[in-house]
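Numbering (the working numbering), first residue to last: 2 to 316.
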Ligand SMILES: [Cu+2]
C-alpha cells in the first residue's frame, strides 16, 4: 500500500513537469484533484521539542530580537543581464546578539531564508559575502528573504520579511542543465573559476519565473518543512511560514492558514506561529499550505498562496 502511495506521488510529480519543487496553483489543484490516500500516520500538534527549548535557552535574548532586513541587491525592478544573480542583504534592528553564522562543527546556526519565485528556500549564512543564485532563467522573478533561527523558525517582526522583483534578460541560463534535486540544504560551492577570490554561498536554481504577484496583497510564504528529516529531527516536524499583509483570525484578522499532509483532512492555523507535528511515518510526504478566508476560499496572489512540498522522513 505504501509502495503504491509513493509510486503515485512519483508519477504525479513527473506529470507536473520537470520542476516538481516549483509548485504553483495549477499543479496544486492537480494534486488536490488526484487526492492521495491519506497516510496511515496520525499526526498530532505537540509542544516545541525539548532540544529546541534547550537551544533557545542557550541563546540569551536572541529569540526576542527584531531583525530588520534590507535587500540591497538586486535593486527593486532591476534588470540583470546574467544568469547568476547576486543577492546582497543588510541586517539591522534590535538584534540582541542575533547574527547569521554557520558553526562548522554542527553545520547549524542563524541564517537567512532566501526564496526565488516559489521554490524551496536556500539558507544564507555569511552576509559579508554575496549569495549567488545561479542558472536563473530569463524572465521576471521575485526574491523573498527573512531571518531564521538554527532550527529554521523564522523571525516574524515587522521589517524581517523583504521581497524584491527583478528581471533576468539575456542571462544565458543553461536550460539543459540538470536541475539540482530538492535534497535539502545542499549548497554548491563549485566554482569553475579557480582564481575567483571568495568562494561564495550559492545555489544552482530550478527553472522558474515569478507569479503575477501583488506585493500589497495578502501573501503566504511557505518556509518549512523542507527536504529530508532524520532521527530526532523527524519527530516532531515544524510547519513555519511568513505572512504579509494579512492577519489570522486568532490574531484579530480574517484569514486562516489551511494545511494538509498527504492530502489528508484540512487543518487550520489561526494564530501565526510555528506548529510542531508529531507522528510521522518514514517515507515521502506532501505538505500543502494555503491562505484562505473565513469561508475556506483560497486568497490567490500569483499562485504563491497555495504551495505543496514533498519531504522525506528517514527513520
Ligand atoms: Cu532554515
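Ideal Cβ placement from N, Cα and C applies to all residues, glycine included.
(request) With a 10 Å radius around its C-beta and 16 neighbouring C-beta atoms as the bar for buried, classify residue 310 as buried or exposed. (result) buried
(message) Bridge partners for residue 286 per DSSP, in chain order?
(response) 312
(message) Nearer than 6 Å: is that true of the beta carbon of residue 153 relative to any heavy atom of ligand 1?
(response) yes
(request) Starting from residue 114, follow its DSSP beta bridges and name the residues at the other end. (result) 124, 147
(request) To the nearest angstrom, report how far apart residue 289 and residue 172 are at their CA atoms. (result) Annotation: residue 289 to residue 172 spans about 32 Å, alpha carbon to alpha carbon.
(message) Alpha carbons only, please: which of 279, 249, 268 is nearest the one belonging to residue 235?
(response) 279
(request) Over the uninterrupted beta strand (DSSP E) stretch that includes residue 56, give me the two end residues. (result) Element bounds for residue 56: not the beta strand (DSSP E) but the alpha helix (DSSP H), 51-58.
(request) Run the CB neighbour count on residue 59, radius 10 Å, all protein chains shown included, and call it buried at 16 or more, exposed below. (result) exposed
(request) With a 10 Å radius around its C-beta and 16 neighbouring C-beta atoms as the bar for buried, classify residue 55 as buried or exposed. (result) exposed
(message) Please report the straight-line C-alpha distance between residue 157 and residue 287, rounded to a whole angstrom.
(response) 25 Å
(request) Please name the residue or residues paired with residue 68 in a DSSP beta bridge. (result) In the DSSP output, where bridge partners are listed per residue, residue 68 has 94.
(message) I need the boundaries of the beta strand (DSSP E) containing residue 262, first residue and last residue.
(response) 257-262
(message) Once DSSP output is grouped into helix, strand and coil, what is the label at residue 232?
(response) Note: residue 232 maps to helix in three-state DSSP.
(message) Using the three-state DSSP reduction, which class does residue 190 fall into: helix, strand or coil?
(response) At residue 190 the pLDDT is 37, less than 50, meaning the model places this residue with poor confidence; the figure from the coordinates comes in the next sentence. Here residue 190 sits in coil by DSSP.
(request) For residue 203, name the three-state secondary structure that DSSP assigns. (result) strand
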